[in-house]
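Visitor:
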Amino acid sequence: VMGISEEMKAKDLVEVLYPVFDGHIYCLDLATGAATRDPITVGFGFKGTASVDPRGYPLLYAGQGLNDTNGRIGPFRYRIFDLIQNKEIYGIAGKDAVAYRSWGAFDSSALINWQTDTLLEPGENGLFYKVKLNTAFDAAAGTVSISPEITKLRYKTAVSSKYGIESSTVAYRNLIYFSDNDGNIVCLDINTLEPVWAFNAQDDSDATMVLEETEDGVFLYHGNTLDKRGALAGTANDVCQLRKLNALTGELVWQYDVPVVYESYLNGGMLATPLLGANDFADLVIFNVCKTTSHAAGTLLALDKESGQVVWSRSLPAYSWSSPIAIRGEDGKSYGIFCDSAGVMHLFDPRSGEDLSTLSIGANCEASPSAYGNMIVVATYACKIYGIRIS
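So in the working numbering, spot 260 of the sequence shown is number 366, and the numbers just go up one at a time.
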């Protein structure tokens with residue numbers, strides 16, 4: 107039904123769906139990297155991570171990062187794909203007269219609520235979209251369709267001037283969270299789209315936050331970049347601010363500052379999602395901060411969740427935008443993985459930060475690795491998608 111080759115249908119297939127900067131969505135066999143079907147061609151580059159439908163419906167959601175391909179200009183769209191027909195069936199226009207900002211890219215990854223048939227997606231135009239999909243899937247007939255109804259939220263705070271959201275949405279019950287280019291961390295009631303609280307993080311915040319529910323409460327972990335503060339006189343403000351917030355009230359629990367180098371054209375600070383510790387490193391949260399000791403370098407550090415104090419810190423000769431992930435080995439231990447701007451993948455011990463193994467993947471890797479079983483998939487500036495087996 108889904109256009110997968112007969113050879114692939116005959117095996118226990120795990121399919122990789124990877125939208126990339128060349129304007130294609132590649133469909134690959136996880137085990138071998140062989141194509142499972144023809145790529146979906148859009149013609150304009152993707153930047154954000156795609157979302158698959160959590161209900162198992164054959165739908166893929168992906169945001170367009172650029173509208174210029176070798177001088178050919180097209181419209182910005184957040185795109186929804188039918189994986190039976192392998193084509194786009196709907197798009198949200200990024201250029202919107204309602205928005206405070208004209209830049210129409212969609213770097214954020216969508217959240218899909220399977221219970222309400224709703225898609226949540228922030229835009230770089232500064233709008234937040236709540237989309238009732240009205241999905242109809244008939245497995246027997248081999249058809250899927252949507253009839254979206256879009257609600258848009260436009261907002262501003264006392265510090266808003268640049269507008270635009272590049273982080274992805276975090277959800278907890280009826281509350282959703284995102285951070286924006288002005289440094290606003292926003293909490294909304296998703297049922298009403300009414301603001302619950304907003305926190306001024308003081309600078310551009312592109313990295314998606316992580317949330318944890320504990321016996322002591324519900325908390326967010328966040329880090330910002332050095333952007334508008336870097337243009338101020340002196341270097342007193344040249345820090346990346348790592349924070350823990352009460353997710354229900356917006357109150358600051360702790361803050362830890364990491365000195366970073368200012369570049370007007372390429373921000374220093376945090377552009378990777380933090381790694382929330384679990385299992386044998388459940389007391390830690392790991393942050394990947396770029397341009398710390400120099401324009402080329404970075405720092406990977408673990409903070410104690412309770413106190414915000416440094417448990418370990420390591421210098422990276424090549425900075426990283428790649429969000430660290432954790433996997434568990436057959437020995438029951440946790441292992442961390444991230445990539446860097448020198449094209450090196452690191453397998454590290456999240457308890458100490460020490461590298462256990464490294465692997466060259468050819469060129470700068472801004473992407474975050476994805477894990478399934480003992481396989482890691484990631485793409486790099488070498489214009490290749492790598493499948494790496496962990497053993």
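No residue lacks a Cβ here, since even glycine has one placed at the ideal position from N, Cα and C.
Predicted, not measured: the structure shown is a model, and the values here were computed from it.
Does the beta-carbon distance from L281 to I291 come in below 8 angstroms?
Guide: Remark: C-beta atoms of L281 and I291 do not approach each other more closely than 8 angstroms.
Visitor: Checking 8 angstroms against the spacing of the C-beta atoms, do F187 and I146 come in under that value?
Guide: yes
Visitor: Check this for me: beta carbons of V158 and G129, under 8 angstroms apart or not?
Guide: no
Visitor: Please tell me whether G270 and W220 are closer than 8 angstroms, where the distance is taken between their beta carbons.
Guide: no
Visitor: By alpha-carbon positions, which one of L259, D286 and E255 ends up nearest to S267?
Guide: D286
Visitor: Can you tell which of T224, A247 and S273 has the C-alpha that lies nearest to the C-alpha of E230?
Guide: S273
Visitor: Check whether the Cβ atoms of V120 and Y478 lie closer than 8 angstroms to each other.
Guide: yes
Visitor: Would you decide whether D446 is buried or exposed? Buried here means 16 or more other CB atoms lie within 10 Å of its CB.
Guide: Counting C-beta atoms within 10 angstroms of its own C-beta, D446 has 16 or more neighbours from the protein chains shown and is therefore classed as buried.
Visitor: Taking only the alpha-carbon atoms, compute the straight-line gap between G154 and G169 and give it to the nearest angstrom.
Guide: 6 angstroms
Visitor: State the beta-bridge partners of L136 as determined by DSSP.
Guide: In DSSP, L136 forms no bridge with anything.
Visitor: Name the DSSP bridge partner or partners of L226?
Guide: Paired residues: L217 and K236.
Visitor: According to DSSP, simplified to helix, strand and coil, what is G169?
Guide: strand
Visitor: Report buried or exposed for E227, applying the criterion of at least 16 other Cβ atoms within 10 angstroms of its Cβ.
Guide: Buried: at least 16 other Cβ atoms inside 10 Å.
Visitor: Taking the alpha-carbon positions, what's the C293 to V302 distance?
Guide: Taken atom to atom, the span from the alpha-carbon of C293 to that of V302 is near 5 angstroms.
Visitor: What residue does the beta strand (DSSP E) around K193 start on, and which one ends it?
Guide: K193 to A199
Visitor: Cutting at 8 angstroms between CB atoms, please list the residues of its own chain near T142, excluding the five before and the five after it.
Guide: I110, S111, M114, L119, E121, C133, L134 and D135
Visitor: Would the beta-carbon of L491 fall within 8 angstroms of that of Y124?
Guide: Per the sequence shown, the amino acid found at residue 491 is Ile instead of Leu. In contact: I491 and Y124 (Cβ atoms closer than 8 angstroms).
Visitor: Buried or exposed: where does Y425 fall if 16 or more other Cβ atoms within 10 Å of its Cβ makes it buried?
Guide: buried
Visitor: From what residue to what residue does the alpha helix (DSSP H) around G369 run?
Guide: Strictly speaking, residue 369 in this sequence is Glu, with Gly absent from that position. From DSSP, E369 is part of no alpha helix (DSSP H); its letter is neither H nor E.
Visitor: Around the Cβ of I443, are there at least 16 other Cβ atoms within 10 angstroms (buried) or fewer (exposed)?
Guide: Around the beta-carbon of I443, 16 or more other beta-carbon atoms lie within 10 Å, marking it buried.
Visitor: Can you tell me the Cβ-Cβ gap for V359 and V345, rounded? I've got them flagged as a contact below 8 angstroms.
Guide: About 18 angstroms separates the CB atoms of V359 and V345; that is not less than 8 angstroms, and the two are not in contact.
Visitor: By DSSP's criteria, H328 is part of a beta bridge. Which residues make up the other side?
Guide: By DSSP's assignment, H328 forms a beta bridge with R349.
Visitor: Under 8 angstroms, do C489 and S428 count as touching if we go by C-beta distance?
Guide: No, the pair does not count as a contact, with Cβ atoms beyond the cut-off.
Visitor: Could you spell out the range, first to last residue, of the beta strand (DSSP E) harbouring K115?
Guide: Counting along the chain, K115 falls outside any beta strand (DSSP E), though it belongs to the alpha helix (DSSP H) covering E112 to K115.
Visitor: Please identify the residue among I131, T263, G329 and M108 whose C-alpha is closest to the C-alpha of Q191.
Guide: M108
Visitor: Any chance the segment 160 to 167 sits against the segment 230 to 245, with 3 or more Cβ pairs inside 8 angstroms?
Guide: The segment 160 to 167 vs the segment 230 to 245: in contact.
Visitor: I believe L406 touches R420 by the beta-carbon criterion, under 8 angstroms. Please report the beta-carbon distance rounded to the nearest angstrom.
Guide: 5 angstroms
Visitor: So, under 8 angstroms CB-CB, L381 and G404 are touching, yes? Tell me the CB distance rounded to an integer number of Å.
Guide: With a Cβ gap of about 14 angstroms, L381 and G404 do not count as contacting.
Visitor: Mind listing, in chain order, the continuous beta strand (DSSP E) runs of no fewer than 3 residues lying wholly within the segment 367 to 452?
Guide: 374 to 376, 390 to 396, 404 to 410, 416 to 422, 431 to 434 and 440 to 445
Visitor: For the beta strand (DSSP E) containing N280, name the first residue and the last one.
Guide: Looking at the DSSP string, N280 is not in any beta strand (DSSP E), and its letter there is neither H nor E.
Visitor: Using 8 angstroms for Cβ pairs, my map puts I494 next to L465. What's the rounded Cβ distance?
Guide: 7 angstroms
Visitor: For the putative contact between V484 and A473, defined by C-beta atoms under 8 angstroms, what is the C-beta separation to the nearest angstrom?
Guide: Sure, about 5 angstroms apart at Cβ, within 8 angstroms.
Visitor: Have a look at the DSSP bridge pairing and note the partners of R260.
Guide: When beta bridges are read from the DSSP output, R260 appears opposite L233.
Visitor: Mark D415 as exposed unless 16 or more other C-beta atoms lie within 10 angstroms of its C-beta, in which case mark it buried.
Guide: In the sequence as displayed, the identity of residue 415 is Gln instead of Asp. That one is exposed.
Visitor: If I'm right that F81 touches L332 with Cβ under 8 angstroms, what's the distance once you round it to whole angstroms?
Guide: A query on residue 81 cannot be resolved here, the shown segment of the chain reaching from 107 to 497 and no further.
Visitor: Looking only at DSSP bridge pairs, what is L512 linked to?
Guide: Because the chain spans 107 through 497 in this model, residue 512 falls outside it and cannot be assessed.
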